[in-house]
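K.L.:
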Amino acid sequence: MSHAITAEAGAALADLWAARMQMGVSLGWHIVLACLGVGMPAITLLAEWRGHRRGDQYYRLLARRWARAMGVLFAVGAVSGTILSFEMGLLWPGMMGVYGEVIGLPFALEGIAFFIEAIFLGLYLYAWDRLPPRAHLLTGIPIVVAGVASAFFVVCANAWMQHPVGFRVDDGRVVAVRPWAAMFNAAVPSMTTHMILAAFMVAGFGIASVYAVAMLRGRRDRYHRLGLLLPLTVAAIISPVQIYVGDWAARSVAEQQPVKLAAMEGVFTTARAVPLHLGGVMIDDRLRYSLEIPYGLSLLAHWNPDAEIRGLESVPPGDRPPVNIVHWSFQIMVGLGFALLALGAWLAWYWWRHRTMPRTRWFLRATAVSGVAAVAALECGWILTEVGRQPWIVYEVLRTADAVNPAPGLVYGFVLVAAIYVVLTVASVYVMRRLARDVPVPIAPQERDVSGYKVV
Amino acid sequence: MPLPDVMLAVLWLGLTAYVLFAGADFGGGVWDLLAGGATAGQRQRDQIEHSIGPVWEANHVWLIFVIVMAWTGFPSVFAAIASTLYIPLTFAALGIIGRGAAFAFRKVSTRLWQRRLFGATFAFSSLATPFFLGTVAGAIASGRVPPGIARGDLIGSWVNPTSLVAGVLAIGTAAYLACVYLTRDAERAGHDDLAEAFRRRALGTGVVVGALSAAGLLVLRADAPGLFVALISGRALPLLLVSIIAGLASLLLLLWRAYVAVRLTAGLAVAGLLWGWGIGQYPWLLPGVSLGDAAATESVLAASLGSLAVGAFLLVPSMWWLYATFQRGRA
Ligand code: HDD
Ligand code: HEM
Ligand code: HEM
Chain A
0 MSHAITAEAG
10 AALADLWAAR
20 MQMGVSLGWH
30 IVLACLGVGM
40 PAITLLAEWR
50 GHRRGDQYYR
60 LLARRWARAM
70 GVLFAVGAVS
80 GTILSFEMGL
90 LWPGMMGVYG
100 EVIGLPFALE
110 GIAFFIEAIF
120 LGLYLYAWDR
130 LPPRAHLLTG
140 IPIVVAGVAS
150 AFFVVCANAW
160 MQHPVGFRVD
170 DGRVVAVRPW
180 AAMFNAAVPS
190 MTTHMILAAF
200 MVAGFGIASV
210 YAVAMLRGRR
220 DRYHRLGLLL
230 PLTVAAIISP
240 VQIYVGDWAA
250 RSVAEQQPVK
260 LAAMEGVFTT
270 ARAVPLHLGG
280 VMIDDRLRYS
290 LEIPYGLSLL
300 AHWNPDAEIR
310 GLESVPPGDR
320 PPVNIVHWSF
330 QIMVGLGFAL
340 LALGAWLAWY
350 WWRHRTMPRT
360 RWFLRATAVS
370 GVAAVAALEC
380 GWILTEVGRQ
390 PWIVYEVLRT
400 ADAVNPAPGL
410 VYGFVLVAAI
420 YVVLTVASVY
430 VMRRLARDVP
440 VPIAPQERDV
450 SGYKVV
Chain B
0 MPLPDVMLAV
10 LWLGLTAYVL
20 FAGADFGGGV
30 WDLLAGGATA
40 GQRQRDQIEH
50 SIGPVWEANH
60 VWLIFVIVMA
70 WTGFPSVFAA
80 IASTLYIPLT
90 FAALGIIGRG
100 AAFAFRKVST
110 RLWQRRLFGA
120 TFAFSSLATP
130 FFLGTVAGAI
140 ASGRVPPGIA
150 RGDLIGSWVN
160 PTSLVAGVLA
170 IGTAAYLACV
180 YLTRDAERAG
190 HDDLAEAFRR
200 RALGTGVVVG
210 ALSAAGLLVL
220 RADAPGLFVA
230 LISGRALPLL
240 LVSIIAGLAS
250 LLLLLWRAYV
260 AVRLTAGLAV
270 AGLLWGWGIG
280 QYPWLLPGVS
290 LGDAAATESV
300 LAASLGSLAV
310 GAFLLVPSMW
320 WLYATFQRGR
330 A
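So the sequence lines, in the order shown, correspond to chains A and B. In terms of numbering that gives the first Met the number 0, the first sequence has 355 at position 356, counting the first letter as 1, and numbering is strictly consecutive. In terms of numbering that gives the first Met the number 0, the second sequence has 318 at position 319, counting the first letter as 1, and numbering is strictly consecutive.
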């Protein structure tokens with residue numbers, strides 16, 4: 000009898016693990032596409048606008064290429080996002096059944112933004128030959144606005160899970176919901192800003208790296224140079240701002256989720272004048288092999304060398320997030336943030352001195368990996384945010400284990416979804432690589448929808 | 000009208016839009032599957048791709064809208080449905096991925112084997128997705144989703160007569176709407192022979208779907224007597240009649256080649272069925288759970304509905320522009 004019960008509990012634990020992994024995989028996938036969906040339209044419009052203003056055919060060609068890629072990326076982004084809205088209910092009915100209404104408002108607003116985005120994307124991509132250039136340019140603007148808005152709204156929902164306010168629970172039912180207060184909670188300002196800037200960095204560095212690879216392979220004409228410079232400039236301008244905003248994010252975490260901050264920094268005992276730890280691993284409740292910068296953490300988190308930092312010991316062991324994952328995600332994100340800043344500074348310095356981009360292959364190599372680095376920073380940031388919130392799904396209100404769907408068999412669902420995502424990844428990468436290798440002007444016969452418009 | 004009723008009506012409107020617009024996009028995929036060999040079916044596939052291309056993403060958003068409105072307006076009902084029916088919903092979600100991604104991939108592929116592979120994925124998932132969504136509808140309609148989290152039968156809730164009929168009916172409706180819309184699209188593009196082909200199929204599928212709906216009623220009688228009674232004698236009867244009359248009128252209009260008018264009647268036939276179900280089941284959302292029991296707090300309903308009303312000022316003209324742009328002939 001007791002054996003049967005443990006076996007059942009084991010299966011339930013496996014299902015909980017599977018649900019978390021499935022959520023993590025699908026979100027981690029969607030977020031990359033979402034960032035391109037937020038950032039690419041703006042960069043593409045910038046190219047189209049310059050092409051239109053200066054009559055520069057290379058900019059116009061670039062805009063066409065990027066629009067073509069956007070057609071594919073948006074489709075994949077939309078379907079990967081749809082799976083997420085299913086999963087909110089399939090995997091976490093315990094949260095959605097009670098708190099769905101509390102975070103409903105930002106999602107409803109996001110729905111409006113999605114409509115706008117999809118409608119104008121249809122117009123932008125398919126009416127290239129039916130609208131005069133200026134009108135066509137204008138159809139792109141709602142895409143940019145709606146993309147940024149949808150990132151804002153969905154992160155508001157996530158911010159509420161980090162800092163839940165605007166409701167009362169009475170007898171298992173939420174009452175007295177204040178939807179606007181829930182939506183505009185205190186975690187929103189720094190998180191949404193940080194996310195939107197991250198989206199532009201991912202898109203900017205990401206596009207630039209494609210052209211850096213092409214230039215490394217010897218294609219160094221003006222088309223490729225502009226394809227590298229325009230997005231890289233956008234990303235380079237944003238990088239320093241992002242680091243400032245990251246610091247702001249860290250300070251709001253210090254205030255709102257002290258346990259997460261303790262995990263980020265590997266602080267076990269509550270103390271004053273806490274140093275900043277670089278590197279290191281948490282073994283048996285102690286951070287080992289790390290480099291310490293005296294007073295660093297107290298200073299960064301509270302602008303005061305003597306400020307108190309709450310340690311992990313302040314909550315029972317069952318309420319602590321896994322430290323190493325959170326600590327290392329944070330370290331990697333910050334490290335990559337500074338590396339990307341350096342790349343942008345290199346470009347800026349060289350441009351200021353020579354009015355051209357750096358000639359060395361090392362610059363191209365660095366740019367070529369910058370896209371991957373930006374994505375890695377993004378993923379680390381989210382892993383830090385989401386794993387650092389554990390064991391809570393709604394911080395200090397609802398435990399993840401109490402929110403999961405108790406139905407058996409979630410493991411199989413996860414295996415299936417993971418397999419589909421592998422296939423989807425392979426297919427997307429393959430198709431995007433093929434698109435990148437195409438000759439600049441689309442000439443494939445089935446492309447008449449887009450190719451009717453003469454670019455050159 | 001009290002806010003919960005408004006919310007439910009808005010949700011149902013969204014569902015109707017999803018079925019009428021996105022349903023047809025899935026139907027396009029079904030015809031893509033049946034278009035024949037790579038060269039023989041080329042022109043039909045081109046026409047389908049051309050019609051779906053600019054609008055499918057916007058049409059697809061209606062589904063997101065319905066899901067989000069469900070968890071905002073009726074959170075416990077949403078949780079009950081999603082947790083009990085997680086298997087067909089997972090399959091539907093995967094089908095949505097396959098359909099959307101493969102369609103976009105095929106569009107930019109040039110080699111034959113790639114176009115075949117992506118095309119087959121697109122077409123197959125266009126068949127599977129409406130089927131699984133239909134089984135979900137059947138599960139709810141036949142009262143097989145109890146309140147609470149994962150309280151229903153994980154298999155039996157969606158593998159049962161009502162669900163299976165609803166699944167097949169969903170495919171049939173999608174295919175029917177698609178060829179009704181495609182006749183006009185093909186005619187406008189000047190492909191009269193294609194229009195003829197789609198018209199023949201529309202007639203055939205129309206008859207099949209009509210017969211299926213009748214069979215569905217018989218299944219309901221055995222499987223979900225409550226809903227059946229409401230449909231044939233209660234408040235829902237007028238809507239059922241509208242659906243039947245509009246369905247018959249569509250067949251006539253197709254015979255007369257009135258391709259624009261038939262769009263309206265075909266849509267009405269489908270919408271009548273959908274609203275008949277809704278009204279027939281009202282006010283019960285799940286067994287023992289009425290609208291009043293499940294609705295979210297007033298403040299939430301007011302905020303979301305208010306935002307939607309404001310949003311509609313942006314959406315309606317934009318949507319109109321989108322459809323108008325691509326429904327106008329190519330100058
Ligand atoms: C290109 C991407 C990128 C870069 C370069 C950085 N971040 Fe970041 N970070 C993200 C992308 C990101 C994100 C978009 O993934 C997250 C997840 C949740 C969020 O709002 O932004 C995030 C979260 C996040 C959090 C957790 C917020 C929370 O849990 O509420 C902190 C404390 C920081 N970041 C701090 C930084 C610092 C100090 C950086 C300086 C170098 C930095 N980030 C660079
Ligand atoms: C605004 C958007 C987001 C929402 C609403 C959201 C919501 C959720 C939910 C409901 C869970 C499951 C419960 C839990 O484990 O606590 C979860 C877990 C997770 N999410 Fe997010 N998430 C968002 C963004 C992201 C992004 C962009 C990533 C990218 C990597 C991400 C990564 C993860 C991971 C790794 C987990 C598993 C954490 C664990 O269980 O240890 N999330 N998220
Ligand atoms: C931080 C996390 C997220 C960001 C920044 C984000 C942003 C975006 C953006 C910009 C798009 C449209 C662009 C594109 O399709 O590529 C999109 C699509 C979508 N997202 Fe996300 N999203 C996030 C997480 C989520 C979550 C947690 C959900 C659901 C619960 C979700 C649901 C969707 C859906 C349904 C779509 C498709 C909309 C359409 O059909 O156009 N997203 N997302």
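By construction, the Cβ of each residue, glycine as well, lies at the ideal position given by its N, Cα and C atoms. Since this is a predicted model, take the numbers as computed values, not measurements.
Counting only beta-carbon separations shorter than 8 Å, does I142 of chain A have a partner in chain B?
P.N.:
Taking Cβ atoms only, chain B never reaches closer than 8 Å to I142 of chain A, which makes this a no.
K.L.:
Spell out a yes or no on whether the stretch 34-49 of chain B and the stretch 61-68 of chain A are touching, meaning 3 or more CB-CB pairs, one atom from each, closer than 8 Å.
P.N.:
As far as the Cβ criterion goes, the stretch 34-49 of chain B does not touch the stretch 61-68 of chain A, which means the pair count is below three.
K.L.:
Using only the heavy atoms of ligand 1, determine whether one of them is closer than 7 Å to the beta carbon of K106 of chain B.
P.N.:
False, no ligand heavy atom lies under 7 Å from that Cβ.
K.L.:
Exposed or buried, which one is W348 of chain A when buried takes at least 16 other CB atoms within 10 Å?
P.N.:
The residue in question, W348 of chain A, is exposed, as its Cβ has fewer than 16 Cβ neighbours within 10 Å.
K.L.:
In chain order, what residues of the same chain lie with their CB nearer than 8 Å to the CB of K453 of chain A, ignoring the 5 residues before and after it?
P.N.:
Residue placement at K453 of chain A is flagged as unreliable, the pLDDT there being 39, under the threshold of 50; the coordinate-derived value follows with that caveat. Excluding residues within five positions, none has a Cβ falling inside 8 Å.
K.L.:
Counting pairs of Cβ atoms below 8 Å between the stretch 40-59 of chain A and the stretch 24-37 of chain B, do you hit three or more?
P.N.:
As far as the Cβ criterion goes, the stretch 40-59 of chain A does not touch the stretch 24-37 of chain B, which means the pair count is below three.
K.L.:
Are V374 of chain A and V201 of chain A touching if we call contact CB-CB under 8 Å?
P.N.:
For V374 of chain A and V201 of chain A, yes; Cβs fall inside 8 Å.
K.L.:
Taking the C-alpha atoms as reference points, what is the distance between E195 of chain B and L88 of chain B?
P.N.:
Roughly 37 Å between the two C-alpha positions.
K.L.:
When you measure from the CB of I206 of chain A to every non-hydrogen atom of ligand 1, does any distance come out below 7 Å?
P.N.:
Checking every heavy atom of ligand 1 against the Cβ of I206 of chain A, none is found closer than 7 Å.
K.L.:
Could you tell me if the beta carbon of Q56 of chain A falls within a distance shorter than 7 Å of some heavy atom in ligand 1?
P.N.:
Answer for Q56 of chain A: no, Cβ out of range of ligand 1.
K.L.:
Looking at the structure shown, is D152 of chain B part of a helix, part of a strand, or coil, going by DSSP?
P.N.:
D152 of chain B falls in the coil class under three-state DSSP.
K.L.:
Which partner residues does E186 of chain B have in the DSSP bridge list?
P.N.:
In the DSSP output, where bridge partners are listed per residue, E186 of chain B has none listed.
K.L.:
Under 8 Å Cβ to Cβ from A307 of chain B, same chain only, skipping five residues before and after it: list those, please.
P.N.:
In the sequence as presented, Ala is not what sits at residue 307 of chain B; that position holds Leu. Within the same chain, L307 of chain B has close Cβ partners V9.
K.L.:
Distance check for G203 of chain A and A365 of chain A, CA to CA, integer angstroms please.
P.N.:
Going by the C-alpha atoms only, they are around 14 Å apart.
K.L.:
Which residues in chain B have a C-beta closer than 8 Å to the C-beta of M95 of chain A? List them in chain order.
P.N.:
Residues of chain B passing the Cβ test: W70, P74, F77, A78, A81.
K.L.:
Could you tell me which chain B residues have their CB closer than 8 Å to the CB of R67 of chain A, listed as they occur along the chain?
P.N.:
Under the 8 Å cutoff, chain B gives V107.
K.L.:
Can you find a C-beta in chain A that's less than 8 Å from the C-beta of M318 of chain B?
P.N.:
Cβ-Cβ to chain A under 8 Å: yes for M318 of chain B.
K.L.:
Looking at C-alpha atoms only, which residue of A:G80, A:A156, A:M190 is the closest neighbour of W28 of chain A?
P.N.:
Minimum Cα distance to W28 of chain A is reached at A:G80.
K.L.:
With 16 as the cutoff for other CB atoms within 10 Å, does A341 of chain A come out buried or exposed?
P.N.:
Counting Cβ neighbours within 10 Å, A341 of chain A comes out exposed, since fewer than 16 surround it.
K.L.:
Hey, how far is the Cα of Q255 of chain A from the Cα of S297 of chain A?
P.N.:
Their Cα atoms are separated by approximately 15 Å.
K.L.:
What do you reckon, are the CB atoms on S238 of chain A and G343 of chain A nearer than 8 Å?
P.N.:
Contact: yes.
K.L.:
For M0 of chain B and L7 of chain B, I'd like the C-alpha separation in whole angstroms.
P.N.:
Between M0 of chain B and L7 of chain B, the C-alpha separation is close to 11 Å.
K.L.:
Using three-state DSSP, classify V280 of chain A as helix, strand or coil.
P.N.:
DSSP places V280 of chain A in strand when its eight states are reduced to three.
K.L.:
Cβ closer than 9 Å: which chain A residues qualify as neighbours of L313 of chain B?
P.N.:
Those within 9 Å of L313 of chain B in chain A are I111, F114, I115, P141.
K.L.:
Is the beta carbon of V78 of chain A less than 8 Å from the beta carbon of I96 of chain B?
P.N.:
The answer is yes: Cβ separation under 8 Å.
K.L.:
Examine chain A for any beta-carbon lying closer than 8 Å to the beta-carbon of P53 of chain B, and answer yes or no.
P.N.:
Answer yes: the Cβ-Cβ gap between P53 of chain B and chain A drops below 8 Å somewhere.
K.L.:
Going along the chain, which residues of its own chain have a beta-carbon closer than 6 Å to the beta-carbon of W345 of chain A, five neighbours each way excluded?
P.N.:
Contacts found: none.
K.L.:
Along chain A, in chain order, which residues have C-beta atoms closer than 8 Å to that of T89 of chain B?
P.N.:
Neighbours of T89 of chain B on chain A, chain order: F85, L89, G412, L415, V416.
K.L.:
Can you tell me where the beta strand (DSSP E) with L383 of chain A in it begins and where it stops?
P.N.:
Run containing L383 of chain A: none in the beta strand (DSSP E); it sits in the alpha helix (DSSP H), 360-386.
K.L.:
Kindly indicate if chain B contains any beta-carbon less than 8 Å away from that of R398 of chain A.
P.N.:
Closer than 8 Å: no.
K.L.:
According to DSSP, is I115 of chain A part of a helix, a strand, or is it coil?
P.N.:
Helix, per DSSP.
K.L.:
Could you spell out where the beta strand (DSSP E) holding V393 of chain A opens and where it closes?
P.N.:
Run containing V393 of chain A: 391-393, per the beta strand (DSSP E) assignment.
K.L.:
Span of the alpha helix (DSSP H) holding I139 of chain B?
P.N.:
Here the alpha helix (DSSP H) through I139 of chain B covers 111-140.
K.L.:
Against chain A, with Cβ distances strictly below 8 Å, would G137 of chain B count as a contact?
P.N.:
Chain A contact via Cβ: absent.
K.L.:
Between F151 of chain A and ligand 1, is the CB less than 7 Å from at least one heavy atom?
P.N.:
No.
K.L.:
Is the CB-CB distance between A400 of chain A and P390 of chain A below 8 Å?
P.N.:
Cβ atoms of A400 of chain A and P390 of chain A: closer than 8 Å.
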